[in-house]
Amino acid sequence: MSSTDAEGYIAQEPDYLGAGHTVRSWLLTTDHKRIGILYLVTLLFFFLIGGAAATFIRLELATPPGDLVTADTYNRLFTLHGVIMVWFFLVPAVPSTLGNFLLPLAIGARDMAFPKLNLLSWYINLVGGLLALAALLLGGVDTGWTFYTPYSSLYSNSYVTLAALGVFIAGFSTIATGLNFIVTVHTQRCEGLTWMRLPLFVWALYATSMVIVLATPALAVALAMVVMERVFALGLFDPAQGGDPILFQHIFWFYSHPAVYIMILPGFGVVTEVLTCFSRRKVFGYEAMVFAILGIALFGFFVWGHHMFVSGQSAYASLIFSLLSFLIAIPSAIKVFNWSATLYGGHITFEASMLYALGFIGLFTLGGLTGLFLASVPIDVHMHDTYFVTAHFHYIMVGGMVSAFFAGLHFWWPKITGRMYSELWARLAALLMFLGFNFTFFPQFILGYMGMPRRYHSYPDEFEMWNVLSSAGAVILAVAYLMPFVYLGLSVYRGRRAGDNPWQARGLEWQTASPPPRENFGPLPVVTREPYDYHRSDEEPSAREGDLDFPNRSDTETR
Amino acid sequence: MPEALHEPFHDIGKQRSAEEAGIWIFLASEVIFFGGLFLGYAVYRLRLPEGYGAAMAETNLTLGIVNTALLLASSATMAFTVWVGREGLQRATVTGLIATLALGTAFLAVKGVEYYEDIRHHLIPGHPDFPVDVPGAEMFFSFYWAMTGLHGLHMAIGLGIIAWTVHAVRSDRIAWRETAHLHVVGLYWNLVDVVWIFLFPLLYLVGR
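Next comes the structure, spelled out in structure tokens:
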């Protein structure tokens with residue numbers, strides 16, 4: 018237990034980073050903060066691999082003929098890109114890194130409810146990732162990230178079994194994390210932190226965890242059935258034995274549509290924290306935000322059929338799935354409106370994380386609205402499997418989720434490392450990312466509308482201009498993604514001391530040292546006020562005190 | 060004696076309820092996992108009722124009944140174990156666990172005999188000598204193998220955990236009196252049992 022000085026600050030004791038320097042102290046740690054860092058390292062590794070595959074894809078598509086790679090290699094490239102990015106980057110991105118690091122801090126707890134399970138989940142994730150990686154090194158998988166039957170079960174000669182097992186195993190890792198989050202939020206909240214005082218980041222992680230626990234096993238069983246069909250020749254989806262390949266799609270999307278919300282809900286939470294802090298405002302409509310999060314998590318389970326409008330499912334099913342897909346836009350829109358209303362009248366400053374968060378709102382809105390186009394049956398019949406779909410989900414996943422991930426990483430970086438990064442470079446990277454992203458993916462809406470199908474390595478000449486634009490944008494995007502590696506990396510060695518609360522934010526995680534001590538807090542905090550109390554409800558918001566870059570107390574401390 | 064209370068808890072009651080909540084959440088995910096198989100079974104049964112009926116006549120009802128009895132008995136011994144465990148009776152707890160272990164192992168042994176018989180009768184989907192020539196019969200057996208196989212795997216994992224628990228309780232390696240360990244193992248074992256209670260009629264009885 019930590020001792021505290023006269024002002025209630027934690028006395029000089031090693032922070033979580035200084036609690037041990039051996040490899041063993043990291044690999045056997047049960048500290049949620051260190052596990053978050055472990056996840057961050059593996060995640061960035063997979064992000065780079067997935068990004069490298071995307072680079073080859075855009076390089077191939079820069080010219081109309083298939084001149085860089087063969088059609089078969091191209092299939093393996095986009096499958097690799099999809100599998101790695103979805104399951105080994107996007108799904109665990111925010112929950113396993115920022116969530117792991119911050120959830121106990123944000124609820125005033127000393128650790129997760131099950132610290133050992135938390136560490137185990139990282140190892141399971143690693144095993145799953147290595148299996149998937151092995152499948153890739155041995156020659157790759159050519160089914161697309163969706164593993165659609167009967168292709169994946171009967172015809173593909175690639176390493177489907179190995180990759181599917183990798184994803185299957187990684188699923189247990191996310192289930193373990195989700196389970197841990199739910200129990201932690203239920204049992205570890207500090208005194209006075211009632212459910213309606215939880216930061217929306219915590220609510221978002223809680224809802225995400227619910228979806229993880231109830232959706233991921235559907236993916237597991239779908240993949241298990243494919244593996245059994247491949248290995249034991251059971252005809253579960255084999256038409257020759259009376260099987261129906263479409264059944265796989267139903268089970269797969271019963272997971273994979275909620276998985277979209279697994280990926281995006283934590284981003285909602287991150288963005289709320291950042292927006293309120295840099296506009297010095299209470300969040301507008303806290304209760305509505307909570308119910309919107311829970312509503313999205315619930316409704317997300319009932320829209321999977323909108324991926325299957327052209328699969329031959331009944332027209333009635335399609336119409337109902339279409340209607341439900343429109344309905345889920347309501348809570349999503351509530352969130353966007355409330356974020357806008359939060360900004361209204363606030364003292365807005367444009368720190369890097371704020372730029373990422375604002376970018377998130379714009380890109381998510383565009384991705385969401387084009388999702389409504391696709392939720393409409395006649396338009397989807399026209400657009401299905403075109404680049405319009407590719408652009409739509411990249412606006413949500415990359416424009417939305419990756420922006421939110423970077424917003425959170427920049428927002429909490431001073432808390433995680435205790436150091437400030439170069440604000441100038443960070444702002445530049447944020448702007449470049451927004452620019453490069455639109456440059457890359459907006460042309461794909463037009464390509465899709467013109468009728469260019471996804472998953473082909475060559476295309477007719479009339480699509481060339483838009484593809485060249487998209488590939489050029491990808492270069493900018495790649496630079497914008499690599500920049501943070503440099504300035505964040507440098508900040509660890511050269512950055513100014515951040516102080517406990519450089520942004521003057523109100524969350525509990527800012528009421529302890531940066532980086533936090535092993536036990537997170539001295540005496541556990543007691544909450545007496547609403548979240549986001551940047552100003553009293555009867556008062557106008559006020560600007561941050563002092564020089565905006567003014568470091569506080571810990572700056573003078575010697576660690 | 061091992062410490063019952065683990066970080067970050069300060070109250071054993073709260074820790075117990077957290078452990079119990081954890082296993083319930085895990086069981087919810089297990090239900091969804093098996094749900095995918097039940098869904099597939101139901102869809103194809105609706106489409107191919109004759110094939111299912113004809114194929115089901117080939118399953119070994121006697122061994123199915125024996126196994127159901129064995130597994131129900133093991134659930135009872137497991138419930139007994141949790142109950143005496145809460146009272147802190149070490150010898151009774153170990154006895155209950157060993158009885159569960161024996162009954163569960165017997166189930167798997169009977170299942171092994173049954174599998175052997177099935178293979179001898181070529182009840183393998185896609186086998187050239189598959190005995191039932193009705194569309195859907197092979198699909199029934201695809202699900203028979205997939206469902207009993209995955210159920211058997213869950214049983215094997217459960218037996219492993221129970222075997223370790225016997226050792227841990229006997230040597231007091233874990234604080235089994237205070238923590239929810241036995242309760243958690245018991246709930247997992249009961250879920251495996253409940254899955255079988257659905258599998259037995261679906262694979263041996265309904266429409267025979």
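In order, the protein sequences belong to chains A and B. Anchor point for the first sequence: position 466 equals 483 in my numbering, and the numbering is continuous, going up by one each time. Anchor point for the second sequence: position 18 equals 77 in my numbering, and the numbering is continuous, going up by one each time. Ideal Cβ positions, reconstructed from N, Cα and C, are used throughout, including at glycine.
For this session: Could you tell me which residues DSSP pairs with P82/A in its beta bridges?
Result: Counting from one through the first sequence, the residue named residue 82/A turns up at place 65. None; P82/A has no bridge partner.
Exercise. From the beta carbon of S88/B, is the nearest beta carbon of chain A less than 8 Å away?
Worked result: Here residue 88/B is taken as the residue at index 29 of the second sequence, counted from 1. Interface with chain A (8 Å Cβ-Cβ cutoff): S88/B is included.
Problem set entry | Local Cβ density within 10 Å of L130/B, reported as buried at 16 or more and exposed below that | Within the second sequence, numbered from 1, the residue matching residue 130/B stands at position 71. Buried: at least 16 other Cβ atoms inside 10 Å.
For this session: Assuming F269/A contacts A239/A (C-beta within less than 8 Å), just tell me the rounded distance between them.
Result: By one-based count along the first sequence, residue 269/A stands at place 252. By one-based count along the first sequence, residue 239/A stands at place 222. Right, the Cβ-Cβ distance comes to about 5 Å (below 8 Å), so this counts as a contact.
Exercise. Are the segment 284-299 of chain A and the segment 181-194 of chain A in contact at 8 Å, needing three or more beta carbon pairs?
Worked result: Judged by Cβ distances under 8 Å, the segment 284-299 of chain A makes no contact with the segment 181-194 of chain A, as fewer than three pairs qualify.
Problem set entry | Span of the alpha helix (DSSP H) around L162/B | Position 103 of the second sequence holds residue 162/B. Looking at the DSSP string, the run of the alpha helix (DSSP H) that includes L162/B is 149-179.
Exercise. In whole angstroms, what separates the C-alpha of A135/B from that of A80/B?
Worked result: Your numbering for residue 135/B matches position 76 in the second sequence. Your numbering for residue 80/B matches position 21 in the second sequence. Rounded to whole angstroms, A135/B to A80/B spans 22 Å at the Cα level.
For this session: Could you tell me whether the segment 417-437 of chain A touches the segment 279-286 of chain A, where touching means 3 or more Cβ pairs closer than 8 Å?
Result: Yes, the segment 417-437 of chain A touches the segment 279-286 of chain A.
For this session: Please check the pair L107/A and M450/A, which I expect to be a contact at CB under 8 Å, by giving their CB distance rounded to whole angstroms.
Result: As a position in the first sequence, residue 107/A is number 90, starting the count at 1. As a position in the first sequence, residue 450/A is number 433, starting the count at 1. Between M450/A and L107/A the Cβ distance is about 16 Å, and since that is not below 8 Å, they are no contact.
For this session: Compare the Cα-Cα distances from A161/B to each of V225/B, H180/B, I256/B and report the closest residue.
Result: Counting from 1 along the second sequence, the entry for residue 161/B is found at position 102. Comparing Cα-Cα distances from A161/B to each of V225/B, H180/B, I256/B, the minimum goes to V225/B.
Exercise. By a C-beta neighbour count over all protein chains shown, 10 Å radius and 16 as the cutoff for buried, is I413/A buried or exposed?
Worked result: On the first sequence, residue 413/A is found 396 positions in, with the first residue counted as 1. Label assigned to I413/A: buried.
Exercise. Are W255/B and H181/B closer than 8 Å when you measure CB to CB?
Worked result: Taking the second sequence and counting its residues from 1, one reaches residue 255/B at position 196. Taking the second sequence and counting its residues from 1, one reaches residue 181/B at position 122. Taking 8 Å as the Cβ cut-off, W255/B and H181/B do not qualify as a contacting pair.
Exercise. Buried or exposed: where does I347/A fall if 16 or more other Cβ atoms within 10 Å of its Cβ makes it buried?
Worked result: In the first sequence, the residue the question calls residue 347/A occupies position 330. Exposed.
Problem set entry | DSSP-derived helix/strand/coil call for D478/A | Along the first sequence, one-based indexing puts residue 478/A at 461. Helix at D478/A.
For this session: Consult DSSP for V265/B and reduce its assignment to one of helix, strand or coil.
Result: Numbered from 1 along the second sequence, position 206 holds the residue referred to as residue 265/B. Reduced to three states, the DSSP call for V265/B is coil.
Problem set entry | Rounded straight-line distance, which links the Cα of W139/A to that of G155/B | Position 96 of the second sequence holds residue 155/B. Position 122 of the first sequence holds residue 139/A. G155/B and W139/A have their alpha carbons spaced roughly 35 Å apart.
Exercise. Quick one: any contact between the segment 358-374 of chain A and the segment 442-460 of chain A, if contact means 3 or more CB pairs under 8 Å?
Worked result: Touching, yes.
For this session: Could you check how far apart the C-beta atoms of Y476/A and M469/A are, in whole angstroms? I think they sit under 8 Å.
Result: On the first sequence, position 459 is the one that residue 476/A refers to. On the first sequence, position 452 is the one that residue 469/A refers to. 6 Å between Cβ atoms; contact.
Exercise. Does any CB atom of chain B fall closer than 8 Å to the CB of S20/A?
Worked result: Residue mapping note: residue 20/A aligns to position 3 of the first sequence, counting from 1. Because the pLDDT of S20/A is 47, which lies under 50, any placement of that residue in the model is unreliable, and the question is left without a value.
Problem set entry | Where the alpha helix (DSSP H) through T545/A begins and ends | As a position in the first sequence, residue 545/A is number 528, starting the count at 1. Element bounds for T545/A: n/a, residue is neither H nor E.
Exercise. In the segment 203-224 of chain B, which residues sit with their C-beta less than 9 Å from some C-beta in chain A, listed in chain order?
Worked result: Listed by position along the chain: W204, A205, G208, L209.
Exercise. Which residue comes first and which comes last in the alpha helix (DSSP H) that contains L78/B?
Worked result: Position 19 of the second sequence, counting from 1, holds the residue named residue 78/B. The question names Leu, but residue 78/B is Glu in the sequence shown. First-last of the alpha helix (DSSP H) with E78/B: 71-106.
For this session: Establish whether the CB of F249/A and some CB of chain B are separated by less than 8 Å.
Result: As a working mapping, residue 249/A is identified with position 232 in the first sequence. Chain B, which has a Cβ nearer than 8 Å to the Cβ of F249/A, makes this yes.
Problem set entry | Supposed contact pair R436/A and V509/A - C-beta distance, whole angstroms, cut 8 Å | Taking the first sequence and counting its residues from 1, the one referred to as residue 509/A is at position 492. Taking the first sequence and counting its residues from 1, the one referred to as residue 436/A is at position 419. The pair is a contact, with the Cβ atoms about 6 Å apart (cut-off 8 Å).
Exercise. By the criterion of Cβ-Cβ separation under 8 Å, what are the contact partners of V102/B in chain A?
Worked result: Within the second sequence, the letter at position 43 stands for residue 102/B. One finds D261, L264 in chain A with Cβ atoms closer than 8 Å to the Cβ of V102/B, taken in chain order.
For this session: State yes or no: is the C-beta of E547/A within less than 8 Å of the C-beta of R206/A?
Result: Here residue 547/A refers to the residue found at position 530 when the first sequence is read from its first residue. Here residue 206/A refers to the residue found at position 189 when the first sequence is read from its first residue. Cβ atoms of E547/A and R206/A: not closer than 8 Å.
Exercise. Straight-line CA distance for F538/A to K50/A?
Worked result: Mapped onto the first sequence, residue 538/A falls at position 521. Mapped onto the first sequence, residue 50/A falls at position 33. A straight-line Cα-Cα distance of about 13 Å links F538/A and K50/A.
Exercise. For the putative contact between A138/B and G245/B, defined by C-beta atoms under 8 Å, what is the C-beta separation to the nearest angstrom?
Worked result: Counting from 1 along the second sequence, the entry for residue 138/B is found at position 79. Counting from 1 along the second sequence, the entry for residue 245/B is found at position 186. With 8 Å as the limit, A138/B and G245/B qualify as a contact, their Cβ atoms being about 7 Å apart.
Exercise. Can you pull the DSSP bridge partners for R436/A?
Worked result: Position 419 of the first sequence, counted from the first residue, corresponds to residue 436/A. Answer by DSSP bridge pairing, in chain order: R514/A.
Exercise. Under a CB-based cut-off of 8 Å, is D572/A close to chain B?
Worked result: Mapped onto the first sequence, residue 572/A falls at position 555. Here the model assigns D572/A a pLDDT of 42, short of 50, so the residue's position is not dependable, and the following value carries that caveat. Not an interface residue.
Exercise. Between the segment 253-267 of chain A and the segment 155-172 of chain A, do at least 3 Cβ pairs fall closer than 8 Å?
Worked result: The answer is yes - the segment 155-172 of chain A touches the segment 253-267 of chain A, with three or more Cβ pairs under 8 Å.
For this session: Compute the beta-carbon to beta-carbon distance between V169/B and V125/B, rounded to the nearest angstrom, for a pair I have assumed lies under 8 Å.
Result: Within the second sequence, residue 169/B is the residue found at index 110, counting from 1. Within the second sequence, residue 125/B is the residue found at index 66, counting from 1. Indeed, because the Cβ distance is near 6 Å, the residues count as touching under 8 Å.
Exercise. Is it buried or exposed for H409/A, if we count other Cβ within 10 angstroms and need 16 for buried?
Worked result: Counted from its first residue, the first sequence places residue 409/A at position 392. With 16 or more other Cβ atoms inside 10 Å of its own Cβ, H409/A counts as buried.
Problem set entry | 9 Å Cβ cut-off: residues of chain A touching L261/B | The residue labelled residue 261/B in the question sits at position 202 within the second sequence. Below the 9 Å Cβ cutoff, chain A contributes no neighbours of L261/B, its closest Cβ being approximately 15 Å away.
Exercise. Based on Cα-Cα distance, which residue from W442/A, N455/A, Y438/A lies nearest to G516/A?
Worked result: Sequence index remark: in the first sequence, residue 516/A carries index 499 (1-based). Each of W442/A, N455/A, Y438/A was checked against the Cα of G516/A, and the nearest Cα belongs to Y438/A.
Exercise. Hey, which unbroken runs of the beta strand (DSSP E) at 3 residues or more fall wholly within the segment 291-331 of chain A?
Worked result: Runs of the beta strand (DSSP E) lying entirely within the segment 291-331 of chain A, each at least 3 residues long, are absent.
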